[in-house]
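Shown next, in structure tokens, is the structure this report addresses.
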Amino acid sequence: VRFLDSVPAVAVGYFREAAQELIQQRGAVEALAAALAHISGATSLEQRSLINSEPGFSSMILSCSQEMHSISFAWRGLKEQLGEEIDQHISHMVFIKGKKGVCFDVPVSKLKEVQEKWQDSRRWTLSTATQLPELEQSLRPNSGFGNGGGFGNR
Numbered sequence: 089v090r091f092l093d094s095v096p097a098v099a100v101g102y103f104r105e106a107a108q109e110l111i112q113q114r115g116a117v118e119a120l121a122a123a124l125a126h127i128s129g130a131t132s133l134e135q136r137s138l139i140n141s142e143p144g145f146s147s148m149i150l151s152c153s154q155e156m157h158s159i160s161f162a163w164r165g166l167k168e169q170l171g172e173e174i175d176q177h178i179s180h181m182v183f184i185k186g187k188k189g190v191c192f193d194v195p196v197s198k199l200k201e202v203q204e205k206w207q208d209s210r211r212w213t214l215s216t217a218t219q220l221p222e223l224e225q226s227l228r229p230n231s232g233f234g235n236g237g238g239f240g241n242r
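Residues in the sequence shown are numbered consecutively from 89, following this note's numbering.
See below:
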């Protein structure tokens, strides 16, 4: 906001008429938000993972009606509805704090397909994350197949 104070009054005068027209057409908040987005270069936004900011991914939340003792329980629930091949498209699955859900990423190109196939049940609900929930702290940050989770890494 301080940067607005540094704009000379003369410069503001040049844009006053255009600003009034924009406010009449779009409303003050919409006009200012569009102008700020344009100035910042945010004319197109690429969807990113909420887990690790990877472009081209959308984060989803699978909520469970009971605490899960193993992440494989979530995998099983997803595969029951979305098919065995879904594991090829899901990445970065992590427990939500309290272990009554998981957060994971899917490619944006698969998001609509997942949403259309999925049916919420008494046990499971699936939603697109709008903000990252509080996650469980992993005891083994590199756990998993091929990442330190085998017999050779004791």
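Ideal placement from N, C-alpha and C gives every residue a C-beta, glycine not left out.
Starting from residue i, trace the alpha helix (DSSP H) in both directions and tell me its first and last residue.
i           : result
residue 196 : 196–205
residue 126 : 116–128
residue 160 : 159–170
Could you round the C-beta distance between residue i and residue j to whole angstroms and report it? I think they count as a contact, below 8 Å.
i           : j           : result
residue 148 : residue 216 : 6 Å
residue 166 : residue 174 : 5 Å
residue 114 : residue 122 : 7 Å
Is the distance from the Cβ of residue i to the Cβ of residue j below 7 Å?
i           : j           : result
residue 146 : residue 194 : yes
residue 180 : residue 139 : yes
residue 135 : residue 196 : yes
residue 222 : residue 188 : no
residue 133 : residue 119 : no
residue 202 : residue 191 : no
residue 162 : residue 150 : yes
residue 177 : residue 205 : no
Using only the alpha-carbon positions, how far apart do residue i and residue j sit?
i           : j           : result
residue 90  : residue 112 : 26 Å
residue 103 : residue 92  : 14 Å
residue 225 : residue 142 : 21 Å
residue 207 : residue 157 : 23 Å
residue 155 : residue 129 : 44 Å
residue 234 : residue 164 : Only weak support exists for where residue 234 lies, its pLDDT of 41 falling under 50; the value from the coordinates is given anyway. Between residue 234 and residue 164, the C-alpha separation is close to 20 Å.
residue 168 : residue 210 : 14 Å
residue 125 : residue 218 : 20 Å
Could you please give the first and the last residue of the uninterrupted beta strand (DSSP E) stretch that includes residue i?
i           : result
residue 215 : 212–216
Cβ of residue i less than 7 Å from any chain D Cβ?
i           : result
residue 216 : The structure shown contains no chain D; it holds only a single protein chain.
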